[in-house]
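The sequence shown begins at 1 in UniProt numbering and counts up by one.
C-beta atoms are modelled at their ideal positions from N, C-alpha and C, and glycine is treated no differently.
Read through the structure below, which is laid out as structure tokens, and then see the notes.
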Amino acid sequence: MTATTLAPLEIQPAPAFAPATLRHALSLPGGLALGFGIVLLALLAVTAVAAWHTDGTARALVLAAGGAGLGGGAATALWLLRRVSLPIRQAEAQARGMAEGDLANRGAGMAAGEPGRLQQALQALQDKLFRIVSEVRTGTTSVAATASQIRRDNEALSRRTESEVSALQQTAAAIGQLASAVRQNADNAQQATTLVAAASQRAEQGGVLMDQVVSTMDAIRHSSRSIADIIGVIDGIAFQTNLLALNAAVEAARAGEQGRGFAVVAAEVRNLAQRSAAAAREIKSLIVASVERVDAGGLLVDDAGRAMREIVASVRQVKELVVGINGASQEQSAGIASVNQSMAHIDGVARDNAALVEDSARTVASLHERAVGLMRAVSGFSLGAREYGTAEEARGMALAAREFCRVHGGQALVEDVNRQDQGRFVDRDLYLMVIGVGDGVLRAHGNNVRNVGMGPDSRDADGKLFLRDMAELARSRGEGWIEWKWAHPFTNEVLTKTGYVARAGDLLVVCGIYRNFRA
């Protein structure tokens, strides 16, 4: 057999014919096919060249080796396409779905090796995003509901604050008028004090003069009695003189002619004595009458003195009272002035509170808008069938809460529900309300604890006594569905809410969903 010499093959480096646009345009399967195609073409070319330069058995071996290489290369390319390309395409589709917000579409079966680990990582990322979006929606539900309630409370507080400011202004005006009146009264009391002091001084002077009059009347009374005594003495002397004249006349008569002159004198003396006695009696009568009148006048003067002393005492009391009134009026004036200042301060504080309420209302409105904005931001993510709670999930949560109450007690259930999104009975837009069966009072609220304490007379948007109806349903049937109208925490739109009621001893639990709600 003739030996055949093989010419050496010169392998030239391939030119950089694939620009960046072409590399980015080729998919992984296309790149693998292109690469393996180039390798297989090179192998085919090498085989053809080798077969051309050989003959006989060597050519057969070269062709067999080339065919085996081509077959193995093609099989390897198909295996790589199935092991790498298909999982990569599935991972790419899942990643594109996540980028578009679809978190409900789970990937197909997991591959082995690096592509499988890539799929597992993408699936873990999708599950994590699902939980984050679900928790964000639950949190924004609570924040939006609380913000809405605070906004309504702020509006009510603003109305009450405005009413209080108006009432304070009216009160301040009334207190101002009262202060003016009290100041006028204080001035009048001051003037009255001055007048009463002058009157008291004059009354005391009058009392002194009256005491002097009483003393003078007493002296006159004593003098009148002394005159009466002196008149009595004169009357006695006249009586004795009359007796002496009578005795002298008797003696003159006995003397006869010699006593005639003496008898005349005795007669005259007797006549004078009688006249003196008569005058003394008249004077005595006048003196007695004068003494009686002086006694009567003295009694009147005594009464007048006592009255004057009583008047002086009363004037002193009046003076003390007026002085007390004046002091009280001054204190009232000072107190009213202080109250007026306090009212002015309270009015200023009330105005500041009104301004704070307005600022708080704007802040709460901004918080509500941000919560709604956050909800809208995550609304681009689709959670599929778990986007919102379903009626069956609401029923399941109510029954689970009833079982929890049976095991742990009603107080534990109330405390857990009032923890809101920190509790176990909150899932997306699903939460619980706990109500007393007997009194219909709301004991716990999983979305807004500010609603706790609502009574059986509370009404929904249509005026329905929904808490009373829930309690009646629990008492009569134990469990079942009920509907009421309520404002959605995001949009504040009044929607129909359907809830499942389940009785748990003395309590009932309700879990509801908004019908036909779309964020």
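Rounded C-alpha distance that separates residue i from residue j
i, j, result
"Ala279", "Ile230", "13 Å"
"Leu507", "Gly389", "23 Å"
"Val182", "Glu164", "25 Å"
"Val133", "Ile38", "47 Å"
"Ala350", "Thr161", "7 Å"
"Leu356", "Gln411", "37 Å"
"Arg459", "Val494", "13 Å"
"residue 593", "Ala245", "Within the shown structure, residues of the chain are numbered from 1 to 519, placing residue 593 beyond reach of any answer."
"Ser290", "Val269", "30 Å"
"Gln341", "Ser166", "17 Å"
"Ala504", "Glu92", "50 Å"
"Ala68", "Leu86", "26 Å"
"Glu415", "Asn448", "13 Å"
"Gly256", "Asn242", "21 Å"
"Glu441", "Ala334", "According to the sequence provided, residue 441 is Val. The question's Glu does not apply to it. One C-alpha to the other measures close to 51 Å."
"Ala179", "Leu168", "16 Å"
"Leu286", "Asn247", "31 Å"
"Gly207", "Val294", "21 Å"
"Val407", "Ala144", "33 Å"
"Ser314", "Arg159", "58 Å"
"Asn185", "His222", "53 Å"
"Gly423", "Gly446", "8 Å"
"Phe262", "Ala252", "6 Å"
"Ala156", "Lys485", "22 Å"
"Arg225", "Thr194", "46 Å"
"Glu403", "Asp352", "51 Å"
Sequence-distant residues of its chain with Cβ nearer than 7 Å to residue i (five each side left out)
i, result
"Ile283", "Ile231"
"Asp235", "Ala277, Ala280, Arg281, Lys284"
"Gln190", "Asn326"
"Arg151", "Ala361, Val364, Ala365, His368"
"Arg23", "A caution first: Arg23 carries a pLDDT of 48, below 50, which makes its placement in the model too unreliable to give a value."
"Gly297", "Met217"
"Ile482", "Asp469, Met470, Leu473, Gly499, Val501"
"Ala95", "Leu122"
"Arg428", "Ser134, Arg137, Thr138, Tyr388, Gly389"
"Ala461", "Lys485, Trp486, Ala487, Val494"
Residue i - containing alpha helix (DSSP H), residue span
i, result
"Ala99", "86-99"
Cut-off 8 Å between Cβ atoms - residues of its own chain near residue i, not counting five sequence neighbours on either side
i, result
"Thr171", "Met343"
"Ala3", "Bear in mind that a pLDDT of 39 at Ala3, under 50, signals an unreliable position, so the model cannot answer this."
"Val250", "none"
N-terminal and C-terminal residue of the beta strand (DSSP E) that residue i is part of
i, result
"Glu483", "479-487"
"Thr496", "494-504"
"Arg443", "442-445"
"Tyr388", "Tyr388 -> no beta strand (DSSP E), and no H or E assigned at all."
"Leu508", "507-514"
"Val449", "Where Val449 is concerned, there is no enclosing beta strand (DSSP E), given that its DSSP letter is neither H nor E."
"Gly436", "430-436"
Cβ-Cβ separation, residue j to residue i (assumed contact under 8 Å), whole Å
i, j, result
"Val501", "Ala401", "11 Å between Cβ atoms; not a contact."
"Ala394", "Leu430", "6 Å"
"Arg319", "Ala228", "Residue 319 is actually Lys in this sequence, not Arg. 45 Å between Cβ atoms; not a contact."
"Met454", "Ala444", "11 Å between Cβ atoms; not a contact."
"Ala471", "Ile435", "6 Å"
"Met375", "Cys511", "About 21 Å separates the two Cβ atoms, so there is no contact after all."
"Val339", "Ala192", "About 24 Å separates the two Cβ atoms, so there is no contact after all."
"Leu63", "Thr47", "7 Å"
"Gln119", "Gln90", "7 Å"
Sequence-distant residues of its chain with Cβ nearer than 6 Å to residue i (five each side left out)
i, result
"Arg254", "none"
| query | In chain order, which alpha helix (DSSP H) runs of at least 4 residues are fully inside the region 397-423? | reply | 410-417
| Unbroken stretches of the beta strand (DSSP E), 3 residues or longer, contained in the region 278-366 | none
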